[in-house]
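>
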DNA sequence: TTGTTAGACTTACATAGGTTAAGCAGACTT
DNA sequence: AAGTCTGCTTAACCTATGTAAGTCTAACAA
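Chains as they are written, first to last, in the numbering used here: chain L, 1071 to 1283; chain B, 1071 to 1283.
1) Any residues in the region 1096-1121 of chain L with a beta carbon nearer than 9 Å to a beta carbon of chain B? Which ones, in chain order?
2) Using C-beta distances below 6 Å, list every residue in its chain close to residue 1190 of chain B, excluding the 5 sequence neighbours before and after it, in chain order.
3) Closer than 7 Å, Cβ to any Cβ of chain L: which residues of the region 1234-1263 of chain B, in chain order?
4) Identify which residue in B:1094, B:1278, B:1100 and B:1162 has its Cα closest to the Cα of residue 1122 of chain B.
5) What's the C-alpha gap between residue 1279 of chain B and residue 1120 of chain L?
6) Find the nearest neighbour of residue 1198 of chain B within the set B:1260, B:1269 and B:1135, judged by alpha-carbon distance.
7) Report yes if the CB atom of residue 1117 of chain B is closer than 8 Å to the CB atom of residue 1089 of chain B, and no otherwise.
8) Quick one, are the C-beta atoms of residue 1131 of chain B and residue 1076 of chain B less than 8 Å apart?
9) Taking only three categories from DSSP, how would you classify residue 1102 of chain L?
10) Per DSSP, what are the beta-bridge partners of residue 1245 of chain L in this structure?
11) Using 8 Å as the cut-off, can you tell me whether the region 1135-1145 of chain L makes contact with the region 1080-1099 of chain L, which would need three or more C-beta pairs spanning the two stretches below that distance?
12) Could you tell me which residues DSSP pairs with residue 1091 of chain B in its beta bridges?
13) For residue 1290 of chain B and chain L, any beta-carbon pair shorter than 8 Å?
14) Please list the partners that residue 1229 of chain L has in chain B, where partner means a Cβ-to-Cβ separation under 8 Å.
15) How many whole angstroms separate the CB atoms of residue 1124 of chain B and residue 1275 of chain L, which I take to be in contact at a CB cut-off of 8 Å?
16) Less than 8 Å between CB atoms is the rule here; does residue 1125 of chain L satisfy it with respect to chain B?
17) Beta carbon of residue 1126 of chain B, beta carbon of residue 1084 of chain B: below 8 Å?
18) Is any beta-carbon of chain L found at less than 8 Å from that of residue 1267 of chain B?
19) For residue 1134 of chain B, which option in B:1249, B:1235, B:1222 and B:1095 has the closest C-alpha, if you only look at C-alpha atoms?
20) Which parts of the region 1165-1220 of chain L are runs of the alpha helix (DSSP H), unbroken and 4 residues or longer, counting only runs that do not cross its ends?
21) Rounded to the nearest angstrom, what separates residue 1272 of chain B and residue 1233 of chain L at their Cα positions?
22) Which of the three DSSP states, helix, strand or coil, is assigned to residue 1268 of chain B?
23) Looking only at its own chain, which residues have a Cβ that is under 7 Å from the Cβ of residue 1159 of chain B, when we skip the five neighbours before and after it?
24) What three-state label does DSSP hand residue 1109 of chain L in the structure shown?
25) So, residue 1129 of chain L versus residue 1172 of chain B, is the Cβ gap smaller than 8 Å?
26) For residue 1211 of chain B, I'd like the list of residues in its chain whose CB is within less than 7 Å of its CB, leaving aside the five on either flank, ordered along the chain.
27) Exposed or buried, which one is residue 1074 of chain L when buried takes at least 16 other CB atoms within 10 Å?
28) Name the two residues that bound the continuous beta strand (DSSP E) containing residue 1230 of chain L.
29) Pick helix, strand or coil for residue 1154 of chain B, following the three-state DSSP scheme.
30) Identify, in the order they occur along the chain, each residue of the same chain with its Cβ nearer than 7 Å to the Cβ of residue 1115 of chain L, setting aside the five sequence neighbours on each side.
31) Can you tell me whether residue 1098 of chain B is buried or exposed, with buried defined as 16 or more other CB within 10 angstroms of its CB?
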């Protein structure tokens, strides 16, 4: 529905949002005009869980596409969490996974070279969207400009373009406009050293039995 | 007390630790032998809060110095959180701040050049340790080798050395061995574009009134 | 039709930072 | 005291990535 900023750095925030449809990204200024993308949110993600704990936001949240968002007053989330511990626990899991993704981004930007960085970024996006399961020929749409991919990976748009071309030349991906097809998923995953462990798929800690009886 | 690993990547973890004394760091492998430092813990920090939510760990936690750690069984933390909502809330705040620090590290590594990266790292460490308040002449001890600073900032040890020398030449810091003195705190902060906002000092969201009566 | 814009794509060139190698100092062993 | 280690330091060289500038296309507006 909305487009543009959902949250602004420095804001006092009193809502938690659920992204019903579309894509958003978190962004921080480095203090000299450069912007770094620090997170990505896809349909179903909860945005701004930290508002439950921190009075002001330290980063912007912006829409990448047209989005559909449910904004829930903080007090409602607090009441819900208090009365339904299982929901509080689920929010905690969500937050912990987002934190794990941030750690992996630090590794990606800090330790990998350009090619592996872009490859890893593509892998993560695909797995998070479940796109890699679907018909490979169909591919998926990456709703970001090369400039934005650069801001997420700590590279310039020019270099992102080079790396995408290299991945294509290596027969790992096919592309047209923003559509990406994995011609060789295994190969791409190997280049990126991608493992989905940090996304913590599968089981998490079950909600402890709060004996309120 | 202990030295070496506190937690290993892939472990099933059933304790939460409180770092009573010393320094620890979080570390992840990039899949090709390079190690990236993804977090730092100082005295008073709680380590492994994500174990409340995730069954396995996605990163190592290692001691940087001799450390004194209290390891608390997960079940005890769960019980404490259930019976004392204010404590659960405090843990949430702690976790949210750690997440905010991770975001800032992404910005630091992804958007800043070597000099500003190292400067920012020094600023963050100093502020987190409160060292910048104390007698500037005394300085503080940074318990990391230049190799480790490099792993935290995404640079090589050689380049960290160059940057430290440059910061010294600019009259911003003095050093001898691992002792760092801020000869010009304002100057260093400006170079780094450091603002402590992301550490969320001061007030956070007060614990909501859980009416259990 | 013409203009305007945003983004993909390319080339030529510049440089920050990586690599390798070596010297040196302090701490620890034997 | 000789040997070994780790970490700091410096220098020479190299390359991955950034910078600047331009072309091309698609979409859109007047």
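Yeah, the Cβ is synthetic: ideal placement off N, Cα and C, and Gly gets one too.
From the atom records:
1) Against chain B - using a Cβ distance shorter than 9 Å - the residues of the region 1096-1121 of chain L are 1096, 1098, 1099, 1100, 1101, 1102, 1104, 1105, 1106, 1107, 1108, 1109, 1119, 1120 and 1121.
2) For this step, residue 1190 of chain B is matched to residue 120 along the second chain. Only 1178, 1262 and 1264 meet the Cβ criterion.
3) Those residues of the region 1234-1263 of chain B that come within reach of chain L (Cβ to Cβ, closer than 7 Å) are 1263.
4) One-based indexing of the second chain puts residue 1122 of chain B at position 52. Comparing Cα-Cα distances from residue 1122 of chain B to each of B:1094, B:1278, B:1100 and B:1162, the minimum goes to B:1162.
5) To locate residue 1279 of chain B, count along the second chain from 1; it is residue 209. To locate residue 1120 of chain L, count along the first chain from 1; it is residue 50. Near 18 Å, if we compare the C-alpha coordinates of residue 1120 of chain L and residue 1279 of chain B.
6) Here residue 1198 of chain B corresponds to residue number 128 of the second chain, with the count starting at 1. Looking at B:1260, B:1269 and B:1135, the one whose alpha-carbon comes closest to that of residue 1198 of chain B is B:1269.
7) Residue mapping note: residue 1117 of chain B aligns to position 47 of the second chain, counting from 1. Residue mapping note: residue 1089 of chain B aligns to position 19 of the second chain, counting from 1. Going by C-beta atoms, residue 1117 of chain B is nearer than 8 Å to residue 1089 of chain B.
8) Looking up residue 1131 of chain B in the second chain gives position 61. Looking up residue 1076 of chain B in the second chain gives position 6. Residue 1076 of chain B sits close to residue 1131 of chain B, with the two beta carbons spaced by under 8 Å.
9) Start at 1 with the first residue of the first chain, and residue 1102 of chain L comes out as number 32. Coil at residue 1102 of chain L, not helix or strand.
10) Position 175 of the first chain, counted from the first residue, corresponds to residue 1245 of chain L. According to DSSP, which records beta bridges pairwise, residue 1245 of chain L is partnered with L:1250.
11) By the criterion of at least three beta-carbon pairs nearer than 8 Å, the region 1135-1145 of chain L is in contact with the region 1080-1099 of chain L.
12) Position 21 of the second chain holds residue 1091 of chain B. Residue 1091 of chain B pairs with B:1138.
13) Nothing about residue 1290 of chain B can be read from this structure; chain B reaches only from 1071 to 1283.
14) Position 159 of the first chain, counting from 1, holds the residue named residue 1229 of chain L. Near residue 1229 of chain L there are no residues of chain B at all, since even the closest Cβ is about 13 Å away, more than 8 Å.
15) In the second chain, counting from the first residue as 1, residue 1124 of chain B sits at position 54. In the first chain, counting from the first residue as 1, residue 1275 of chain L sits at position 205. With 8 Å as the limit, residue 1124 of chain B and residue 1275 of chain L qualify as a contact, their Cβ atoms being about 7 Å apart.
16) Start at 1 with the first residue of the first chain, and residue 1125 of chain L comes out as number 55. Among the residues facing chain B, residue 1125 of chain L is included, as its CB has a counterpart in that chain under 8 Å away.
17) On the second chain, residue 1126 of chain B is found 56 positions in, with the first residue counted as 1. On the second chain, residue 1084 of chain B is found 14 positions in, with the first residue counted as 1. Cβ distance not < 8 Å, so residue 1126 of chain B and residue 1084 of chain B don't count as in contact.
18) Against the second chain, residue 1267 of chain B aligns to sequence position 197. Interface residue, yes.
19) Here the question's residue 1134 of chain B lines up with position 64 in the second chain. The residue with the shortest Cα to Cα distance from residue 1134 of chain B is B:1095.
20) Within the region 1165-1220 of chain L, the complete alpha helix (DSSP H) runs of at least 4 residues fall at 1184-1199.
21) Here residue 1272 of chain B is taken as the residue at index 202 of the second chain, counted from 1. Here residue 1233 of chain L is taken as the residue at index 163 of the first chain, counted from 1. Residue 1272 of chain B and residue 1233 of chain L: Cα-Cα distance of roughly 44 Å.
22) What you label residue 1268 of chain B is simply residue 198 of the second chain in a count that begins at 1. DSSP places residue 1268 of chain B in helix when its eight states are reduced to three.
23) Taking the second chain and counting its residues from 1, the one referred to as residue 1159 of chain B is at position 89. Excluding positions up to five away in sequence, the list reads 1277.
24) As a working mapping, residue 1109 of chain L is identified with position 39 in the first chain. DSSP places residue 1109 of chain L in strand when its eight states are reduced to three.
25) Within the first chain, numbered from 1, the residue matching residue 1129 of chain L stands at position 59. Within the second chain, numbered from 1, the residue matching residue 1172 of chain B stands at position 102. Not a contact, by the Cβ cut-off of 8 Å.
26) Within the second chain, numbered from 1, the residue matching residue 1211 of chain B stands at position 141. Cβ contact annotation for residue 1211 of chain B (same chain, cutoff 7 Å, sequence separation greater than five): 1248 and 1249, in chain order.
27) By 1-based counting over the first chain, the position of residue 1074 of chain L is 4. Exposed, because fewer than 16 other Cβ atoms sit within 10 Å of the Cβ of residue 1074 of chain L.
28) Walking along the first chain from the start, residue 1230 of chain L turns up at place 160. Where residue 1230 of chain L is concerned, there is no enclosing beta strand (DSSP E), although the alpha helix (DSSP H) it sits in stretches over 1227-1239.
29) What you label residue 1154 of chain B is simply residue 84 of the second chain in a count that begins at 1. Residue state, collapsed to three classes: coil.
30) Counted from its first residue, the first chain places residue 1115 of chain L at position 45. So the qualifying residues of the chain are 1089.
31) On the second chain, position 28 is the one that residue 1098 of chain B refers to. Residue 1098 of chain B should be labelled buried.
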